[in-house]
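What follows is a single structure, written as structure tokens, with notes after it.
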Amino acid sequence: MGPSRTELMQFKVTPDERKLIEKVANKQGCTVSEYVRSAVIMDMVLEGEVDAMKVVVESIGRKAVQVLRKRADRLADLGGEG
Numbered sequence: 001m002g003p004s005r006t007e008l009m010q011f012k013v014t015p016d017e018r019k020l021i022e023k024v025a026n027k028q029g030c031t032v033s034e035y036v037r038s039a040v041i042m043d044m045v046l047e048g049e050v051d052a053m054k055v056v057v058e059s060i061g062r063k064a065v066q067v068l069r070k071r072a073d074r075l076a077d078l079g080g081e082g
């Protein structure tokens, strides 16, 4: 699991911006916080911000480890059936 998120950031949006952000976040199956955080970080990556690239790489690494663990667990379960 990644670092715990304890810091709060707030910003203002128009009603139309809010509706759009909520709609797209929902469409992508994530919370507004997850969507906005990802969008901001990816914008920083596109601008060449090295620290943002590190955040993305670390996140991908954590997700890859989770996928591999699940796959290993499934293989172990299959091995125990025979």
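The opening residue of the sequence shown carries number 1 in UniProt numbering; numbering runs sequentially from there.
Just so you know, even glycine gets a beta-carbon here, dropped at the ideal spot from N, CA and C.
All of these numbers come straight from a predicted model, not from anything done at the bench.
Enclosing alpha helix (DSSP H) for residue i [first to last residue]
i, result
"R37", "32-46"
"R5", "Note, R5: premise wrong, no alpha helix (DSSP H); not H, not E."
"V24", "15-27"
Contact set for residue i: own chain, Cβ-Cβ below 7 Å, skip 5 residues either direction
i, result
"I41", "A52, V55, V56"
Integer-rounded CB distance, given that residue j should sit under 8 Å from residue i
i, j, result
"I60", "V36", "Between V36 and I60 the Cβ distance is about 19 Å, and since that is not below 8 Å, they are no contact."
Same chain, Cβ closer than 8 Å to residue i, five either side skipped, listed in chain order
i, result
"S38", "C30"
"L46", "none"
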